[in-house]
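**Student:** Please see the structure below; I have some questions.
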Amino acid sequence: MKFWYVIFSLEVAKEAALHHYSKSFRGFSAMLTPEQTKRVAESDGVVSVFESGTSKIHTTRTWNFLGIDSIQQYKQLQMDSSSNVIVGVIDSGIWPESESFSDQGFGPVPDKFKGECVTGEQFALSNCNRKIIGARYYFKGFEAEYGSLESQGGTFFRSARDSDGHGTHTASTIAGSVVANVSLLGMAGGTARGGAPSARLAIYKACWFGLCSDADVLLAMDDAISDGVHILSLSLGPDPPQSIYFEDAISIGSFHAFQKGILVSCSAGNSFFPGTASNVAPWILTVAASSVDRIFISNIYLGNSRILKAGSAAAAKGVPPSNASFCKNNTLDATLIKGKIVVCTIETLTDNRREKSIFIRQGGGVGMILIDPLAKDIGFQFVLPGTVIGQEEAALLQKYMETEKNPVAKIYPTITVLDTKPAPAVAGFSSMGPNIITPEILKETIIHKIELHGANFLQPDITGPGLNILAAWSPVAIEATAERSVNYNIVSGTSMSCPHISAVSAIIKSIKPSWSPAAIKSAIMTTATVLDNTKHLIGRQPFGNETTPFDYGSGHINPTAALEPGLIYDLDSTDIINFLCSIGGNPAQLKNLTGQLTYCQNPPIPSYNLNYPSIGVSNMNGSLSVYRTVTYYGKDPTVYYAYVDHPVGVKVKVTPSKLCFTKTGEKMSFKVDFIPYMNSSGSFVFGALTWSNGIHKVRSPIGLNVLSV
Numbered sequence: 001m002k003f004w005y006v007i008f009s010l011e012v013a014k015e016a017a018l019h020h021y022s023k024s025f026r027g028f029s030a031m032l033t034p035e036q037t038k039r040v041a042e043s044d045g046v047v048s049v050f051e052s053g054t055s056k057i058h059t060t061r062t063w064n065f066l067g068i069d070s071i072q073q074y075k076q077l078q079m080d081s082s083s084n085v086i087v088g089v090i091d092s093g094i095w096p097e098s099e100s101f102s103d104q105g106f107g108p109v110p111d112k113f114k115g116e117c118v119t120g121e122q123f124a125l126s127n128c129n130r131k132i133i134g135a136r137y138y139f140k141g142f143e144a145e146y147g148s149l150e151s152q153g154g155t156f157f158r159s160a161r162d163s164d165g166h167g168t169h170t171a172s173t174i175a176g177s178v179v180a181n182v183s184l185l186g187m188a189g190g191t192a193r194g195g196a197p198s199a200r201l202a203i204y205k206a207c208w209f210g211l212c213s214d215a216d217v218l219l220a221m222d223d224a225i226s227d228g229v230h231i232l233s234l235s236l237g238p239d240p241p242q243s244i245y246f247e248d249a250i251s252i253g254s255f256h257a258f259q260k261g262i263l264v265s266c267s268a269g270n271s272f273f274p275g276t277a278s279n280v281a282p283w284i285l286t287v288a289a290s291s292v293d294r295i296f297i298s299n300i301y302l303g304n305s306r307i308l309k310a311g312s313a314a315a316a317k318g319v320p321p322s323n324a325s326f327c328k329n330n331t332l333d334a335t336l337i338k339g340k341i342v343v344c345t346i347e348t349l350t351d352n353r354r355e356k357s358i359f360i361r362q363g364g365g366v367g368m369i370l371i372d373p374l375a376k377d378i379g380f381q382f383v384l385p386g387t388v389i390g391q392e393e394a395a396l397l398q399k400y401m402e403t404e405k406n407p408v409a410k411i412y413p414t415i416t417v418l419d420t421k422p423a424p425a426v427a428g429f430s431s432m433g434p435n436i437i438t439p440e441i442l443k444e445t446i447i448h449k450i451e452l453h454g455a456n457f458l459q460p461d462i463t464g465p466g467l468n469i470l471a472a473w474s475p476v477a478i479e480a481t482a483e484r485s486v487n488y489n490i491v492s493g494t495s496m497s498c499p500h501i502s503a504v505s506a507i508i509k510s511i512k513p514s515w516s517p518a519a520i521k522s523a524i525m526t527t528a529t530v531l532d533n534t535k536h537l538i539g540r541q542p543f544g545n546e547t548t549p550f551d552y553g554s555g556h557i558n559p560t561a562a563l564e565p566g567l568i569y570d571l572d573s574t575d576i577i578n579f580l581c582s583i584g585g586n587p588a589q590l591k592n593l594t595g596q597l598t599y600c601q602n603p604p605i606p607s608y609n610l611n612y613p614s615i616g617v618s619n620m621n622g623s624l625s626v627y628r629t630v631t632y633y634g635k636d637p638t639v640y641y642a643y644v645d646h647p648v649g650v651k652v653k654v655t656p657s658k659l660c661f662t663k664t665g666e667k668m669s670f671k672v673d674f675i676p677y678m679n680s681s682g683s684f685v686f687g688a689l690t691w692s693n694g695i696h697k698v699r700s701p702i703g704l705n706v707l708s709v
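If you count by the UniProt record's numbering, then the sequence shown holds residues 1 to 709, one letter each, in order.
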C-alpha cells in the first residue's frame with residue numbers, strides 16, 4: 001500500500017517526487033511505501049517525513065451591514081482603481097468571465113507581482129486581466145491520492161477555471177468589482193461587490209471536487225509567497241482534529257508567509273461542536289461565521305389559515321411554488337407521495353438536504369417541508385418547491401396534520417427581509433474553540449517541567465458574515481444550485497466568512513502598507529464587537545444560546561474601527577519561535593517548520609506571554625502574571641486607561657493601569673496579574689481587558705481554566 005508524504009529536504013529529492021518546494025521553503029512530496037519512508041527519514045539531510053492529509057473547502061448585503069460604506073478611506077480606495085494590494089486565493093479556481101472580475105478602470109499590474117497566468121483547458125492568457133493578475137493550478141497531489149481527475153465522474157477543467165463555484169464565490173467576496181442588479185432568482189437583490197473591489201486577485205487552484213491535497217495546497221502557498229501577494233485567503237482546512245503545527249501543511253506554509261509579511265486568513269470550519277476549530281496556528285487569522293441582518297423566508301400556508309414561518313429554499317426554474325422517515329433513497333412510497341408536499345426530517349447533521357428533494361421528485365412529490373431545527377437559518381436549494389422549519393413550527397404542523405382529515409398546504413415563494421434583529425449571531429455550524437492542539441502539546445510540556453501554566457488561544461480569532469452570502473458563481477456548477485445555471489449564488493459556511501475578513505485585511509494593508517500581519521490581525525481583533533444590533537451579547541443560532549470567545553473569538557468584525565485601532569499587539573517570527581519552544585518544540589520540529597536549524601533559549605519564555613491580542617491560560621495553577629506590549633498609532637500624545645471585566649473567581653490587576661504615549665510608534669509594556677480565589681471546575685471563565693483613551697477602545701478577551709488556587 002502506498003502513502004503520500006511531504007518531506008522537507010531538497011537534497012534527497014528523487015525523480016519520483018511529484019512536487020518540489022524551493023521558493024519559500026525546501027522540500028518535496030512523493031508516493032512512498034512505509035519501508036521507503038523509513039529509509040528516507042533515516043537519510044542524512046532529511047529533517048522530517050510526515051503523511052500528507054486532505055483539506056476540504058468550508059463551504060451584497062454584508063458590506064452595508066458591516067458599515068464599509070461609511071469609511072472615508074474605503075471610498076477613496078474605491079475611486080483609486082490602481083490599488084496595488086494583491087490578494088492570493090487558494091481554492092477551486094475562478095470563472096473569469098463573471099462581471100465581478102471586470103478590470104474596467106484598473107491601472108497596470110503592480111510591478112511587485114512576479115506570478116504567472118498559466119493557461120490550460122478553456123483558460124487562455126486573455127482570461128487574466130488587470131483584476132485577475134495571476135492564475136495557477138495544481139493537481140498532482142490530488143491525482144496521486146484519489147486517481148485521475150477524469151475518473152472522478154464530475155465536470156472539471158484542467159486549468160484555473162472553476163467548475164465548482166466555491167473559488168469564484170470567495171474571490172468575488174474579497175475583491176469583486178461593483179455589479180448592479182444582482183440576485184439569486186429575486187432573492188438578496190441589490191448591488192454585488194467585494195469588500196475591497198480595487199484589490200487585485202491572484203488565483204491558485206488547489207481544490208478539486210471539494211477536496212484539496214495538502215501537497216497541492218503547500219505548493220500553491222510556496223508560489224503565492226514568491227509571487228508577491230500581500231494577503232492569502234484559504235477557505236479550506238482539515239477535518240478535526242487538526243495535526244500539530246509542525247506537521248500541518250497550512251500551518252507550515254502560513255508560517256513562511258508570516259515571515260515574509262503576508263497575512264494568512266483561514267476559515268475555522270463547519271463542524272458545529274467545541275474543540276473542532278481548524279487552522280488555529282497563532283500566526284493565522286482564524287475566522288468563524290455569523291449572520292447578517294437579512295433573512296429569507298418561505299412561509300407555509302396551512303388549510304386552517306395558519307401561516308408557519310420557515311427558512312428559505314429556492315425552487316427549480318419553471319417549477320410552480322405550491323411523514324415519513326428521513327426521505328432517503330428507496331424509503332418513500334411513490335403511490336402515497338405523488339402530487340403531494342412531503343414532510344421530512346433529518347437523521348444526522350451531515351444529511352444531504354438537497355438529496356431528499358431529489359428522491360421526493362423521483363417519487364412524484366411536488367414539494368418538501370424539511371424539519372431541521374439546527375439548520376433552519378441556512379438557505380438550501382432544492383430541486384422542487386421546499387422550505388425548512390424548526391421544532392416549534394414542526395409541532396404546529398404535526399398538530400394540524402393529526403387533526404385534519406385532508407391536510408393541505410401551500411409553500412409561498414421566498415421573500416427577502418432586511419434589518420432583522422438580533423444580528424449578528426454565530427452560525428450554528430461554525431466550528432468552536434478551544435484550540436485543542438496547544439493543550440495536547442502542553443501535556444507533554446508539563447511532563448518535561450517546562451512550564452506549569454499553558455497558553456490557550458481563544459480561537460477562532462474573529463467572526464464575520466458567513467450565512468446565506470450572495471456572490472459570483474460558476475455557471476457550470478449546477479449540482480449545488482438545484483440543477484440550474486446561475487451567475488450568482490447564495491451559500492453558507494466559514495468559507496464565506498473568511499473572505500470577508502481577507503477583504504478587510506486588504507483594506508487595512510492599503511491604508512497601512514508598512515503594518516505586519518500581526519499588526520493587521522491585532523487591529524481586527526481588538527476592535528471587534530461582542531454585541532448584536534439589540535445591544536445584547538451575540539447569541540448562537542439556531543436557539544440563541546449564550547456565547548463565549550470559543551464561539552466568536554474576539555467578536556464580530558468592525559471594519560470602521562479596525563482602520564484606526566489606536567493600539568496594536570505586534571509580534572514577529574522570533575516571538576513565534578519562542579512560543580513554539582515554550583510548548584516543547586524540539587530542534588527537529590522547529591527546523592521542519594522554519595527550514596533552519598533553531599535552538600531554544602533556556603529557560604523558554606512562557607507561552608502565555610506571546611504578545612497575542614487575547615489572553616488565554618488552559619491550566620492555571622495559582623496566581624499568574626502575564627506580560628504584553630502595545631504600540632501606539634495616533635497623531636497626538638494621549639493616555640490610555642485599563643478597564644477590566646473580571647472573570648468569575650479571579651481578581652485581575654493591571655500594572656501600570658495608565659499608559660502615557662507621546663508619539664506614534666511608541667511601545668509600552670504592562671503586566672496583568674491573575675489572582676484566583678476559586679477554581680473554575682474544569683471549565684473556562686471569561687473576561688476582558690480594555691484599554692481606552694476616550695476615543696479608541698482596545699479590547700482583549702480573557703479566558704482562564706483555573707485548576708487550583
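No residue lacks a Cβ here, since even glycine has one placed at the ideal position from N, Cα and C.
Here the structure is a predicted model, which means the values were calculated and not measured.
How far does the beta strand (DSSP E) with residue 701 in it extend, from its first residue to its last?
**Tutor:** Here the beta strand (DSSP E) through residue 701 covers 697-708.
**Student:** Work out the CA separation of residue 525 and residue 395 for me, nearest whole Å.
**Tutor:** Residue 395 and residue 525: Cα-Cα distance of roughly 41 Å.
**Student:** Taking residue 414 and residue 294 to be in contact with their CB atoms under 8 Å, please state how far apart those CB atoms are, rounded to whole angstroms.
**Tutor:** With a Cβ gap of about 12 Å, residue 414 and residue 294 do not count as contacting.
**Student:** Taking Cβ to Cβ, would you say residue 599 is nearer than 8 Å to residue 626?
**Tutor:** Not in contact: residue 599 and residue 626 (Cβ atoms no closer than 8 Å).
**Student:** Does residue 352 pass the burial test, meaning 16 or more other C-beta atoms within 10 Å, or should it be called exposed?
**Tutor:** Result: exposed.
**Student:** Buried or exposed, going by whether 16 or more other CB atoms sit within 10 Å of the CB of residue 639?
**Tutor:** Exposed, because fewer than 16 other Cβ atoms sit within 10 Å of the Cβ of residue 639.
**Student:** With residue 213 as the anchor, note down where its beta strand (DSSP E) starts and where it stops.
**Tutor:** From DSSP, the beta strand (DSSP E) with residue 213 extends over 211-213.
**Student:** Quick one: which unbroken alpha helix (DSSP H) runs of 4-plus residues sit fully inside the stretch 382-423? Chain order, please.
**Tutor:** Counting whole runs of 4 or more residues, the stretch 382-423 contains the alpha helix (DSSP H) stretches 391-403.
**Student:** In or out: residue 445 buried (at least 16 other Cβ within 10 Å) or exposed?
**Tutor:** A caution first: residue 445 carries a pLDDT of 28, below 50, which makes its placement in the model too unreliable to give a value.
**Student:** Residue 322 by DSSP, collapsed to three states: which one?
**Tutor:** For residue 322, the predicted structure reports a pLDDT of 37, less than 50, and the residue's modelled location is therefore unreliable. The matter cannot be settled from this model.
**Student:** Starting from residue 504, trace the alpha helix (DSSP H) in both directions and tell me its first and last residue.
**Tutor:** First-last of the alpha helix (DSSP H) with residue 504: 494-511.
**Student:** Taking the alpha-carbon positions, what's the residue 284 to residue 86 distance?
**Tutor:** Distance between the alpha carbons of residue 284 and residue 86 is about 18 Å.
**Student:** Could you check whether the Cβ of residue 156 sits closer than 7 Å to any heavy atom belonging to the ligand NAD?
**Tutor:** Here there are no bound small molecules, and the ligand NAD is not part of this structure.
**Student:** Under 7 Å Cβ to Cβ from residue 449, same chain only, skipping five residues before and after it: list those, please.
**Tutor:** Note that residue 449 scores 32 on pLDDT, short of 50, meaning its location in the model is unreliable; the coordinates nonetheless yield the value given after this. So the list is empty, once near-sequence residues are dropped.
**Student:** Confirm, please, whether the CB-CB distance from residue 407 to residue 727 is below 8 Å.
**Tutor:** With the chain covering only 1 through 709, there is no way to say anything about residue 727.
**Student:** Hey, how far is the Cα of residue 188 from the Cα of residue 470?
**Tutor:** When rounded, the distance between both Cα atoms is 7 Å.
**Student:** Do the stretch 361-370 and the stretch 327-342 meet, that is, are 3 or more Cβ pairs less than 8 Å apart?
**Tutor:** Touching, yes.
**Student:** Looking at the structure shown, is residue 35 part of a helix, part of a strand, or coil, going by DSSP?
**Tutor:** In the structure shown, residue 35 sits in a helix (DSSP, three-state: H, G or I).
**Student:** At which residues does the beta strand (DSSP E) containing residue 472 begin and terminate?
**Tutor:** Unbroken beta strand (DSSP E) run through residue 472: 469-472.
**Student:** Counting only the same chain and skipping the five closest in sequence on each side, list residues whose C-beta sits under 7 Å from that of residue 710.
**Tutor:** Residue coverage of the chain in this structure runs from 1 to 709, which leaves residue 710 outside it and unanswerable.
**Student:** Among residues of its own chain, excluding the 5 on either side of residue 249, which ones have a beta-carbon nearer than 6 Å to its beta-carbon?
**Tutor:** Here the set comprises 214, 217, 218.
**Student:** Does the stretch 178-185 come into contact with the stretch 106-116, if we say contact requires no fewer than three beta-carbon pairs (one atom in each stretch) closer than 8 Å?
**Tutor:** Too few Cβ pairs lie closer than 8 Å, so no.
**Student:** Can you tell me whether residue 698 is buried or exposed, with buried defined as 16 or more other CB within 10 angstroms of its CB?
**Tutor:** The residue in question, residue 698, is buried, as its Cβ has 16 or more Cβ neighbours within 10 Å.
**Student:** When the Cα atoms are used, what is the spatial distance from residue 559 to residue 64?
**Tutor:** In a straight line, the C-alpha of residue 559 is about 11 Å away from that of residue 64.
**Student:** Can you look up residue 172 in the DSSP assignment and give me helix, strand or coil?
**Tutor:** Residue 172 falls in the helix class under three-state DSSP.
**Student:** Could you pull out every unbroken alpha helix (DSSP H) segment of at least 4 residues lying fully inside the stretch 135-173, listed in chain order?
**Tutor:** Entirely contained in the stretch 135-173, the alpha helix (DSSP H) runs reaching 4 residues are, in chain order, 140-146.
**Student:** Reducing DSSP to helix, strand and coil, say where residue 592 ends up.
**Tutor:** Reduced to three states, the DSSP call for residue 592 is helix.
**Student:** Skipping 5 residues on each side, what residues in its chain have a beta carbon closer than 6 Å to that of residue 110?
**Tutor:** Excluding residues within five positions, the ones whose Cβ falls inside 6 Å are 84.
**Student:** Please name the residue or residues paired with residue 285 in a DSSP beta bridge.
**Tutor:** Paired residue(s): 265.
**Student:** Under a Cβ-count criterion, where at least 16 other Cβ atoms within 10 Å of its own Cβ denotes burial, should residue 138 be classed as buried or exposed?
**Tutor:** Buried: at least 16 other Cβ atoms inside 10 Å.
**Student:** Pairing CB atoms from the stretch 686-704 with CB atoms from the stretch 524-542, are three or more of them under 8 Å?
**Tutor:** They touch, by the three-pair rule.
**Student:** Within the continuous alpha helix (DSSP H) that includes residue 552, where are the two ends?
**Tutor:** Counting along the chain, the alpha helix (DSSP H) containing residue 552 begins and ends at 549-552.
**Student:** With DSSP run on the structure shown, which of helix, strand or coil describes residue 581?
**Tutor:** Looking at residue 581 - three-state DSSP - the assignment turns out to be helix.
**Student:** Under 6 Å Cβ to Cβ from residue 629, same chain only, skipping five residues before and after it: list those, please.
**Tutor:** Answer for residue 629: 611, 667, 669, listed in chain order.
**Student:** If I'm right that residue 376 touches residue 461 with Cβ under 8 Å, what's the distance once you round it to whole angstroms?
**Tutor:** Incorrect: roughly 28 Å between the Cβ atoms, too far for contact.
**Student:** Let me confirm a value: residue 150 is counted as buried when at least 16 other C-beta atoms fall within 10 Å, else exposed. Which label applies?
**Tutor:** Residue 150 is exposed by the Cβ-count criterion.
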